[in-house]
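Mapped onto the working numbering, the consecutive letters of the sequence shown carry residue numbers 10 to 86. Note that CB positions come from ideal geometry on N, CA and C, so glycine has one too. Computed from a predicted model, the values in this text were never measured in an experiment. Just below is one structure, and these are the notes that go with it.
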Amino acid sequence: MQNIRSIFLMLAGATVFVAMLLLTFSVTLAVGGILTVIMVGRALSMKMKPAPVRAKTNNGQREMRVWNDGRGTIIDL
């Protein structure tokens with residue numbers, strides 16, 4: 010009777026261990042999948058943003074304006 014009880018407890022312990030192992034693995038997989046989707050979405054949303062375009066006048070040559078407003082010198086490049 011003692012051997013049957015020991016075998017039953019050993020099998021119950023192994024079953025609980027395997028169940029916890031599977032739960033941990035599935036939660037890890039789910040969290041990894043969610044993070045992957047978030048990272049891919051963020052990367053794609055960054056690429057879809059339009060890049061600012063700077064217009065150039067006079068073939069790229071622009072005069073520098075310097076003036077003093079009484080509080081300090083202002084240089085407009």
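query, result
"In the DSSP assignment, find the beta strand (DSSP E) that holds R74 and state where it starts and stops.", "74-77"
"Going by DSSP, which residues form a beta bridge with I84?", "V75"
"Using CA coordinates, which residue listed in I13, M73, N77 is at the minimum distance from D85?", "M73"
"Near V75, what residues of its chain come up, given a Cβ to Cβ distance below 8 Å and the 5 sequence neighbours on each side ignored?", "T82, I83, I84, D85"
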